[in-house]
Amino acid sequence: MQPARSFSLALALNVAGLAFAIGAVVLTGMVWTAISNTRETVEQELSQALNQSVRRVQMLIQAAELTAESAARIAQTQQISAATLQATLEQSLAAFEQRPELSYLGIILPEHGEYGNLERADDGRVLLWLHPGASPTQHQTRILALSDEGFIPYASREPNGYDARQRPFYEAAIAQPATGHWLGAYPWIVHASKQVSLWGISYVRAIHDRDGSLLCVLDIDLDLPALNRFLQDTSSEYGIRLHIIEQGKTPRLIGSPDIASVPLAVPADMHEFIDTQSRTDIQKYTAADRQQYWRLAKRFDVSERLSWTIVASKPAALIEASLRNQLYQMAGMGLAMAFGLILMVIYMARRFGRPLAELERSVDSARQSGTPNELQFSPVTQEFRETQRLSEALTRLASAVQQREQQLASQTVELFAAKEQQVTSLALKGAIFDSTETAIFSLDGQLRVIEWNRAAERLFGRLRTEVLQHAIQTVISPPAPHTSWFTLLARPGPTTYLLTGSRGPFEAELRIITVPTSGDVVHTCIIDDISARQEAERRLRQERDYADTVLNSLPGVFYHCDAQARLQRWNKNLELIAGIPIDQLAGTPITRLIPEREHALVNRKIQETLDQGSAHFEASYRLPDGTLVPGLFTGARFTHDGERGFVGLGLDISKRKHAEARLQHLATHDALTDLPNRLLLQERLGEAVARAAETGISQAILLLDLDRFKIINDAYGHPFGDAVLKAVGARLAPLLGAHDTVARHGGDEFLILLADLPHPETAAAQAARIIEAIRQPFTINDREIHLSGSIGLSICPRDGNDPETLIKHADQAMYQAKHLGRNTYASFNATMNRMAQQRVTLEADLRNAASAGQLHLVYQPKVSLHHGHIIGCEALLRWQHPTLGMVPPSQFIPVAEESGLIIPISDWVLRTACRQAKAWADAGLPPLAVSVNISMGQLLHQNLAQWTLDMLEETGLASELLELELTESLIAQDIESMIVTLAQLKQAGVKLSIDDFGTGYSNLSYLKNLPVDTLKIDQSFVRNMLTHAEDETIVRAVIALAHNLRLNVIAEGVETREHCHILRQHHCDEIQGYFFSRPIAAPELEALVRSGKHLDMSDPIG
């Protein structure tokens, strides 16, 4: 048979194989555990960072929407217009400054496109832009900069045709007016100073008033540089890279470290995230820079029409560095173990094999001796006592083997079981000891290191083999104030110290477990690095302090409630109004602060917030003294620590309510007399008409116009005239019943509604009482004046069934009363309506009068009172109707102005007059300046200066031969603009005259600034100056005023020699009237000039 293997070699090989197998299994398990833990840690960290980043982006979106909501409330409160646009933006500044990520806050007015916006510039300044759009009054883009004193002028520039109503964000807001929504990235119009394109996103909202009319469009803008700065801050905080993909028809990459101001195409390695939901599995991919990354993605719906996919990535190399280090360490340990096992096998084989081989040879020798009954073994080597005695015991062993075989087998089984349990227990304790992240080491009674786990190696940078049996004083310096580890170990309980590790000083929590052993003690020290935890706690305290500061700085009360509306958190303002001890506020129902009658409303809105996500409403809250304060409350659903609830803000709107009530009163009452205005009157008229239709009871409309009020107003000034109007209103009110209404209808007109008359004749009696009351003297500023009034009367339903018709008929009746001599009343009848119909017919005929050759000009000479010769003429329009004959200008000129026909007629008049003046000049006549009257229609619908200059160029007339006459009331419509227009005409050489001076609302403060040449005294003063001393005084005052201002003065309506004589006495410069010549045709005027006719200047002036 073949010889058996060597026992010693087999034993050594089996032991080495068993150790190698156990080591391989342990190493494999450790590697697998490390890989699994690393991947799970990476996935958890990346998922947490992505969720935090998405939450930050959501907060940014919500901040922009809250800013828009704040600005919208201000705009609605202000009833925003071009005049209040800047003030509205300034009031929105606080909300805009609280969101530094926002780039713009803008408001567009729909009528003319005025656009104002707050801009956060690149250098951090806040600018306020006011774009004029198509405004008829503003033609420059104004820029204001925020300073310590508020907004101050900074620059201005040409608008270059910019109209915000043509921009995508305005069109999007109009297309969806119900709610605000977000627009995806789109190119912006950049300022001329910027050389690069700029894209951004916008939140837009159309703002309406209570009637549903569009007030304005509001936009909150975030440009891509600002968005990516926000992403960069978030990425740096969480140690990741963030990308944002905007979903849609053309997906774009709008968020990336590579984006400057324009979005990029979605990279190929991100195409899988287009039009997909969130990815819950972590991916590893290789980027264009050949670096590997871990990546997660999450879809975020910004609004119903806009979705983003936010992708978070982290370099894989940084994540796997610790894993590679562990694998390298494990591989080194495996190689060391394999090499040690080989050496151990060789050593064991040699050491145990030699004596056994000698014993084997001795046994073979004894076997060959032939004495099997008495086995004698020669002595073996003295190296091992056991082998020496083995030969002596073989004989005894042979006889005892049989008896001990079973006992030995049983003991062997028990021994192996106990050994296996011991090995398992030691292995488990060792695995726990070395796998924990907490540093653990043990000291003996002399404070020498006897245990040192891997966490301690990492924390202090010292290997286990370096510190074992070394005094702890040489390994770790005792922390202050302790000078030795003996005093440190004597302290009971966990204690925090500042220790020094491999990375420098760190805060550590030290726990010591002292266990007595046989004759000694073992101190086990457990050390946790709590630097990160303390830093987290510090940051948490800092964030809470910041949040408390922000909440306490809010203008109203802040509250955070759970789903049962119980208070969880609040600010100082809520503590002040609650009247509840602060330590009892937590858990208090928020409705405790609300009056009981409004609990149902508040509870309904709380449920709306929890169901729909947000709500806002008005309700009252109670102060500690019981006072009820109106408030505006908002609520937004909020989940904190997994508990549903809501947060909100309450603002005291007492001032706004008072302002609204005041505005409501101002909107329905006249500012001067405090009587109801047209708006309130229309409302009450509508109610009265409806009541008349339902019950048949008569309602009456009385339209009162003060006779000759303009004379009083001109003589004593506007303040005096205003006092007269207030006195008339105060006198009318007591004459009416409780259900009647007196309103100021405009100017010096008052409209009176007599409600529910028992008989229609009652209205006439009431009109008579009002006429008599107005006739009584008024004392104004210690001056007694006498007034009279004319009243037109219409009855509902007899004279009309709607307010417009009734007012129109009352107006026609009032003019009839004036025609009857004033200071009386007249009731409407069908004849007046026929007169109105004739007026319509007259308008229709007037439309074709010029083309039919029915219009012609006549010219009335102007004569100098210095030398008596003709120096010019006034062109006067005449209408020769084919059936009506000569129609007076007093009849057809008002029709032309009301219908708009005055524009083409005035164009014909100026062209005809200029051509005639040019013909006279060409015919060799002395220079005759022709005067043409300018109407209100021409001023409102044409550029007067350009129109005049174009006409001069067309006809070839010299500008100094044309004079334009404008009335005082026409100039007063827009004095600033009129000064500019007249200056342009004056510079071109055109002469300018103020016609009918003294009949309008004179404002002598601006007269000195008007670039005019002549004042023309109205003929009403000239004709009456012979019989009324007051009129002569006015004429004399006008002449003196004109001369003091170095102006020429002309009197019209001069009909007698006496008129002319008095005017010469007062040093009037020129006259015009029938005394010298009636208006005549152009050939007649030419003949008159050539005849040399002039005034007789021989009469002495006494």
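In terms of the UniProt record's numbering, the sequence shown has 330 at position 330, counting the first letter as 1, and numbering is strictly consecutive.
Ideal Cβ positions, reconstructed from N, Cα and C, are used throughout, including at glycine.
Predicted model only: the values in this text are computed from it and were never measured.
Please list, in chain order, all residues of the same chain as residue i whose beta carbon is under 7 Å from its beta carbon, the five residues on each side excluded.
| i | result |
| --- | --- |
| T1056 | F1075 |
| L865 | L1063, R1064, C1068, D1069, E1070, I1071 |
Closer than 6 Å by C-beta to residue i: which residues in its own chain qualify, once you throw out the five before and the five after it? Chain order, please.
| i | result |
| --- | --- |
| V196 | S261 |
| A917 | V930, L957, L961 |
| P372 | Because P372 carries a pLDDT of 44, less than 50, the predicted location of this residue cannot be relied on, and the following value inherits that uncertainty. So the list is empty, once near-sequence residues are dropped. |
| G501 | L459, F460 |
| T412 | Annotation note: pLDDT 49 at T412 (below 50); position unreliable, no value reported. |
| H243 | G255, S256, V311 |
| T141 | H131, R157, P159 |
When the Cα of residue i is compared with those of the options, which residue comes out closest?
| i | options | result |
| --- | --- | --- |
| Q612 | T234, L253, A636 | A636 |
| G721 | I152, D748, A63 | D748 |
| Q942 | E43, Q292, P904, A958 | P904 |
| Q446 | F460, R458, H470, D434 | H470 |
| L18 | I342, E158, N603 | I342 |
| R241 | N228, R252, T250, G248 | N228 |
| Q76 | R656, D583, V475 | R656 |
| I245 | N573, F273, A49 | F273 |
| E965 | V980, L857, K1016, K862 | K1016 |
| E45 | L910, Q91, C914, E237 | E237 |
Using the Cβ count rule (16 or more neighbours within 10 Å means buried), how would you classify residue i?
| i | result |
| --- | --- |
| F339 | exposed |
| L751 | buried |
| A1082 | buried |
| F709 | buried |
| F486 | exposed |
| I22 | exposed |
| V641 | Residue identity differs from the one stated: residue 641 is Asp in this sequence, not Val. Exposed is the call here. |
| S81 | exposed |
| Q166 | exposed |
| K991 | buried |
| V550 | exposed |
| D1096 | exposed |
| A813 | buried |
| A456 | buried |
| S553 | exposed |
| G648 | buried |
| T948 | buried |
| Y546 | exposed |
Would you list the one or two residues that DSSP bridges to residue i?
| i | result |
| --- | --- |
| V689 | Note: V689 sits in no beta bridge, so no partner. |
| P187 | W199 |
| I259 | Note: I259 sits in no beta bridge, so no partner. |
| Y115 | I108, H131 |
| P589 | R566 |
| Y621 | V629 |
Are the CB atoms of residue j and residue i within a distance shorter than 8 Å?
| i | j | result |
| --- | --- | --- |
| L215 | D209 | yes |
| L753 | L685 | yes |
| W129 | I143 | yes |
| A565 | T591 | yes |
| W920 | E1086 | yes |
| A64 | L198 | no |
| W294 | A268 | no |
| S135 | E119 | no |
| Q816 | A826 | yes |
| L1047 | D1013 | yes |
| A72 | I220 | no |
| residue 1113 | W879 | The structure shown has nothing for residue 1113, since the chain only spans 1 to 1102. |
| I580 | L623 | no |
| V557 | G650 | yes |
By Cβ distance, which residues of its chain are closer than 8 Å to residue i, with the 5 residues on each side in sequence left out?
| i | result |
| --- | --- |
| E643 | D562, A563 |
| E575 | I582, L585 |
| H669 | L675, P676, N677, L680 |
Please tell me whether, using a cut-off of 7 Å, the distance from the CB of residue i to the nearest non-hydrogen atom of the ligand ATP is below it.
| i | result |
| --- | --- |
| S502 | This structure lacks the ligand ATP; in fact it carries no ligand of any kind. |
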